[in-house]
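Add 83 to the 1-based position in the sequence shown for the numbering used here, that's all there is to it.
Glycine included, every Cβ here is placed at the ideal spot set by N, Cα and C.
Below is one structure, written out as structure tokens; comments come after it.
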Amino acid sequence: MFPRVIINLEKYRHNLRFLLDICHDKSISMMAVSKVFCADHNLVNIMIEEKVDFIADSRIQNLAIINCDIPKVLLRLPMIGEVSKVVKYSDISLNSELSTVTALNEEASKVGKVHGIIIMIDLGDLREGIFDENEVYDFVKNTLTLSNISIRGIGVNLTCYGGVIPTNSLLNKLVEYKNNIESKFDIELDIISGGNSSTIDLLMNEAIPLGINNLRLGESLVLGRETAYGDYIDKTYDDVFTLEVDIIEVKEKPSVPIGQIGMNAFGKVPQFIDNGNILRAILAIGKQDVDHLELIPFDTIKLIGSSSDHIIADLSNASSIYEVGDTMLFKLTYSSILSLMTSKYVVKTYE
Ligand SMILES: Cc1ncc(COP(=O)(O)O)c(C=O)c1O
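Right under this line is the structure:
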């Protein structure tokens with residue numbers, strides 16, 4: 084059945100083991116992130132078998148279906164309306180709003196639990212986190228009055244919204260926050276979480292500051308790639324996930340539509356370059372499942388457009404001959420893994 088994402092479980096296990104060993108060698112714990120593959124059961128099982136330190140996801144629905152003794156971490160700041168699920172299905176959540184932490188505390192008291200939090204500090208990427216230094220200390224002070232919340236640590240997220248690259252001096256600011264909080268409030272923070280796959284470059288180059296003892300890794304595990312510079316990580320696989328799609332039409336046609344050009348299916352006026360007649364194929368997958376620009380063909384074909392349920396390929400320079408009923412294979416990017424794994428129309432298979 085096509086389209087299907089083919090997941091190579093042993094390649095994922097290899098990437099995970101490889102990076103987990105590197106982290107542990109440097110006394111850094113790993114939160115292995117499952118959201119890009121919607122907490123796929125077989126991949127989460129590998130996390131459990133390889134004994135990652137934490138399993139982390141941005142969606143509470145994903146954490147709800149994971150049953151294990153490994154602590155579970157909610158990566159996205161909780162919505163106030165979901166605090167009961169957050170307390171039920173996660174051990175730790177990332178937080179930056181006192182009102183949310185107060186709501187978590189109320190829920191945790193109600194059910195007799197202590198919920199852990201990591202306080203997120205914004206060091207310039209401008210997504211989540213407390214930006215103002217004094218607000219960080221006020222936040223800690225107020226949180227310490229909440230009986231059913233335990234401050235497990237602090238964290239930063241970088242290279243997401245603002246593209247800010249983690250540097251030794253930037254992450255040292257997080258370590259300074261740790262030192263200041265510990266001395267001001269006479270507490271110990273056990274998790275100092277220095278970012279995501281964009282911190283791997285520092286990790287590999289022995290440039291991660293002492294004091295950072297946790298990373299939250301998703302993309303590097305699935306694509307063998309660090310995300311500060313987009314470099315591949317030696318000795319890892321970049322093809323844990325591939326896509327196989329069915330061809331439903333192959334015909335020679337012009338490269339430019341015939342007639343007066345109005346809007347396409349998505350309300351945009353398309354533009355075309357005239358390359359004369361070309362051999363075109365239609366693939367049975369579309370924008371509802373994936374952005375065609377995020378698919379990397381194995382063959383020398385070009386994806387030239389898509390609508391909801393169709394992707395159009397130019398086969399002019401293909402090295403194979405394709406017929407209706409054949410399939411075409413693609414490597415994937417982070418964004419295409421994310422959307423394909425989310426699409427219920429795409430079958431997931433394992434090898
Ligand atoms: C807060 C947070 N930390 C870590 C990650 C993992 O990032 P990456 O996939 O770049 O390793 C994400 C995204 O999945 C995130 O939102």
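Item: Beta-carbon proximity of residue 99 to residue 122, cut-off 8 Å; Value: no
Item: Check whether residue 333 and residue 367 have beta carbons under 8 Å apart; Value: no
Item: Complete runs of the beta strand (DSSP E) confined to the region 290-364 [at least 3 residues]; Value: 297-300 and 324-337
Item: Span of the beta strand (DSSP E), counted from its first residue to its last, around residue 137; Value: 137-140
Item: Exposed unless 16 or more other CB atoms sit within 10 angstroms - verdict on residue 173; Value: buried
Item: Proximal residues to residue 254 (C-beta, below 6 Å), its chain only, five neighbours per side dropped; Value: 277, 292 and 295
Item: The region 422-431 contacting the region 370-378, beta-carbon criterion three pairs below 8 Å; Value: yes
Item: Residue 115 - containing beta strand (DSSP E), residue span; Value: 112-116
Item: Reduced DSSP secondary structure (H/G/I, E/B, other) of residue 261; Value: helix
Item: Cβ neighbours of residue 432 in the same chain (closer than 8 Å, five flanking residues each side left out); Value: 87, 88, 89 and 90
Item: Under the three-state DSSP convention, the category residue 423 falls into; Value: helix
Item: Residue 419, buried or exposed, once every other Cβ within 10 Å from all chains shown has been counted against 16; Value: buried
Item: Alpha-carbon spacing of residue 312 relative to residue 282, whole angstroms; Value: 10 Å
Item: Residue 116 CB to nearest heavy atom of ligand 1 below 7 Å; Value: yes
Item: Bridge partner(s) assigned by DSSP for residue 433; Value: 90
Item: Residue closest to residue 163, alpha-carbon to alpha-carbon, out of 155, 187, 171 and 177; Value: 187
Item: Closer than 7 Å: residue 235 CB and nearest ligand 1 heavy atom; Value: no
Item: Residue environment, residue 409, which counts as buried when at least 16 other CB atoms sit within 10 Å; Value: exposed
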